[in-house]
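Read left to right, the sequence shown gives residues 1 to 70 (full-length UniProt numbering).
C-beta: ideal position from N, C-alpha, C; glycine also.
Just so you know, these numbers come straight off a predicted model, no measurement behind them.
Scroll down for the structure; my scribbles are underneath it.
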Amino acid sequence: MCRAAPCPAPSSPGQELCGNNNVTYLSSCHLRQATCFLGRSIGVRHPGSCAAGTPEPADVESEEEEENFV
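Structure follows, in structure tokens:
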């Protein structure tokens with residue numbers, strides 16, 4: 001049984017986190033609370049809303065570029 005403490009309301013905007021499950025959490029506390037209730041780990045994909053998205057890291061090659069590399 002999960003016994004996560006209640007999370008305070010975020011004190012300022014910009015505390016949102018996008019979880020690796022594509023859910024936006026209001027704060028790191030809310031993400032930890034969801035981890036507890038779901039009984040599995042949820043990592044942070046990026047800061048901010050999941051709807052905002054984040055660019056791919058520059059050093060990651062696409063599969064097509066990898067296939068064309070000889």
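| Item | Value |
| --- | --- |
| Which term fits Leu17, buried or exposed, when burial requires 16 or more other beta carbons within 10 angstroms of its beta carbon? | buried |
| Applying the criterion that 16 or more other CB atoms from any shown protein chain within 10 Å of the CB defines a buried residue, is Arg3 buried or exposed? | exposed |
| Going by beta-carbon coordinates alone, are Leu38 and Gly19 separated by less than 8 Å? | no |
| If you follow the beta strand (DSSP E) that Cys18 is in, where does it begin and where does it stop? | Leu17 to Gly19 |
| Which residues in the same chain as Val44 place their Cβ atom closer than 6 Å to its Cβ, once the five residues preceding and following it in sequence are excluded? | Leu17 |
| Nearest to Gln13 by alpha carbon, out of Ser41, Thr35 and Ser27? | In the sequence as displayed, the identity of residue 13 is Pro instead of Gln. The candidate whose alpha carbon is nearest that of Pro13 is Ser27. |
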